[in-house]
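S.K.:
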Amino acid sequence: MSSGFASLLPQCIYIHIPFCLKKCGYCDFYSLAGASADVLERYTQALLTEIDQQATKMPDTIIRSIYFGGGTPSLLAGQQIESILARVRSRFRVDPGAEITLEANPATLDREKLSSIMGSGVNRLSLGVQSFSDDELRMLGRVHSSNDVFRTIELVQSLGLKNYNMDLIYGLPGQSIRGWLYNLEQAVSCRPAHISMYLLQLDPCTPMGRETAAGRLILPDDELEAQMYYSGIDYLNGKGYQQYEISNLSLSGAECRHNIFYWQSAPYLGLGAGAVSFGGGRRWRNQADVKAYLENLSVNRAVPVEELESMDDNGLVSDALILGLRMTEGIDLEYFAVRFGVDLTRQYESVIELCRARGLLEVEHGRLFLTRAGYFLSNEVLCRFMA
């Protein structure tokens, strides 16, 4: 079997900051609302310890991207973000051109903090805008308003940061195509380098999930959701944004490198409570418990692993296939065969032919890729490969 399975050293680092001002009604990620300044500082110190611990296991690792996700990483003080990045640089070899992204809530940034964040080396922001409708923002449980978004964008642009993303959600209860396109029009007027558009997916355990189950919130039907998706893609294409992944579009050269590493099945290291790592044929998750995380690292004990998945060759091939098909360029079949020792067109011949017959998948010029019709139905296609 190819050495593609054996790669252990991460190319990128994900740092989980599991705190937010308020838990949104649709969010099922591990995060805690209302953390004190003391907890944020203790968590920062714990991260520094975990960085030290992990670095000893990974000598000569070259890091090409760093991503602060959450939660709301912008709740940390600029000095805390700076200390985390300084520790990463002192323990790992960070590529001078590394992409360093910080997720931010528009309600948490001011000029002083953003200047400090940029001074620490953060060169990309991902703003959780979600909507430009204040009614929709209230329904989602967001703490910011549309005015907060415009204020934040003005601030970001005044400080010279051009590489920023906007997250937007479609398929909201009561949302029309016109309402969705209004959100995209407002986003494009700010000219972000990157736009992510996600269909609202509700876990039944979230407040909005329970409201939907009780019939108090009505989601758009599948046909309307598909119309929203394709109208959004077409509108953004017409404004100069090129789709490179099912849910992501960017101006030329502004694709999110960190996520591309992920979709290409590159190994990555996750730091923080609840963070996931992948490498060496294994995927593992730190215990999603801030209290336990702080207690263990305060005495330099390793973070307890909550989930550990050892993947056999078939599992790794399936994983790489499913992630790779999310990219609009699809999978280079020759490269995949060299890396993993597998001819996809033979191993999955029946699935590929079935999906091709339905117009959802294509094989051309040595690549396997989803068609335009297959993008919105990608979950159905990918499930067939997993069966």
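Sequential numbering from 0 applies to the sequence shown in numbering that gives the first Met the number 0.
By construction, the Cβ of each residue, glycine as well, lies at the ideal position given by its N, Cα and C atoms.
#1: Return the CA-CA distance between Tyr-374 and Glu-224, expressed in angstroms with no decimal places.
#2: With the cut-off set at 8 Å, would you say Ile-50 and Arg-90 are in Cβ contact?
#3: Can you tell me the Cα-Cα spacing of Arg-300 and Val-87, whole angstroms?
#4: For Arg-387, tell me which candidate among Gly-358, Val-362, Arg-357 has the shortest Cα-Cα distance.
#5: Just tell me which of Leu-171, Pro-172, Gly-69 has its CA closest to the CA of Ser-125.
#6: Under a three-way DSSP split, which group does Cys-354 fall into?
#7: Which two residues bound the contiguous beta strand (DSSP E) that contains Arg-92?
#8: Report the option in Ala-186, Pro-9, Ser-264 whose CA atom is closest to the CA atom of Gly-127.
#9: Can you tell me whether DSSP reads Asp-37 as helix, strand or coil?
#10: According to the Cβ coordinates, are Ala-272 and Pro-17 closer than 8 Å?
#11: Give the secondary structure of Cys-255 by DSSP, where H, G and I count as helix, E and B as strand, and everything else as coil.
#12: Can you give the Cα-Cα distance for Tyr-169 and Tyr-228, rounded to whole angstroms?
#13: Tell me the DSSP bridge mates of Gln-129?
#14: Cutting at 7 Å between CB atoms, please list the residues of its own chain near Thr-48, excluding the five before and the five after it.
#15: DSSP on Met-310, reduced to helix/strand/coil?
#16: Mind reading off the beta-carbon distance from Leu-31 to Val-380? Whole number of angstroms is fine, and I expect it under 8 Å.
#17: Which of helix, strand or coil does DSSP assign to Ser-144?
#18: Tell me which residues share the same chain as Ser-448 and place their Cβ nearer than 6 Å to its Cβ, disregarding the 5 neighbours each side in the sequence.
#19: Skipping 5 residues on each side, what residues in its chain have a beta carbon closer than 8 Å to that of Gly-365?
#20: At what residues does the alpha helix (DSSP H) containing Leu-332 begin and finish?
#21: For Val-302, name the three-state secondary structure that DSSP assigns.
#22: Please return the same chain residues whose Cβ sits closer than 6 Å to the Cβ of Asp-419, not counting the five positions on each side in sequence.
#23: Under 8 Å, do Tyr-66 and Ile-14 count as touching if we go by C-beta distance?
M.R.: Per the coordinate set shown:
#1: Taking the straight line from one Cα to the other gives about 12 Å.
#2: Yes, Cβ-Cβ distance for Ile-50 and Arg-90 is below 8 Å.
#3: Near 19 Å, if we compare the C-alpha coordinates of Val-87 and Arg-300.
#4: This structure leaves residue 387 out entirely; the chain is present only between 0 and 386.
#5: Nearest of Leu-171, Pro-172, Gly-69 to Ser-125, Cα basis: Gly-69.
#6: In the three-state reduction of the DSSP assignment, Cys-354 falls in the helix class.
#7: Where Arg-92 is concerned, the enclosing beta strand (DSSP E) starts and stops at 92-103.
#8: That would be Ala-186, whose Cα lies nearest to the Cα of Gly-127.
#9: Three-state DSSP puts Asp-37 in a helix.
#10: Taking 8 Å as the Cβ cut-off, Ala-272 and Pro-17 qualify as a contacting pair.
#11: Secondary structure of Cys-255 (DSSP, three-state): coil.
#12: If you take the alpha carbons of Tyr-169 and Tyr-228, they lie about 8 Å apart.
#13: Residue pairing from DSSP places Gln-129 in a beta bridge opposite Leu-167.
#14: Take Thr-48, set aside five residues on each side of it, and the residues of its chain with a beta-carbon closer than 7 Å to its own are Leu-296, Asn-299, in chain order.
#15: In this structure, Met-310 counts as coil in the three-state DSSP scheme.
#16: Taking a contact as a CB-CB distance under 8 Å, the pair Leu-31 and Val-380 does not count as one, their CB atoms being some 36 Å apart.
#17: Reduced to three states, the DSSP call for Ser-144 is coil.
#18: Outside the displayed range of the chain (0 to 386) lies residue 448, so it cannot be described from this structure.
#19: Cβ within range, chain order: Asp-331, Leu-332, Glu-333.
#20: For Leu-332, the enclosing alpha helix (DSSP H) has its first and last residue at 332-339.
#21: The DSSP-derived three-state label of Val-302 is coil.
#22: The structure shown does not extend to residue 419, since the chain is modelled only from 0 to 386, so the question has no answer here.
#23: Yes. Within cutoff.
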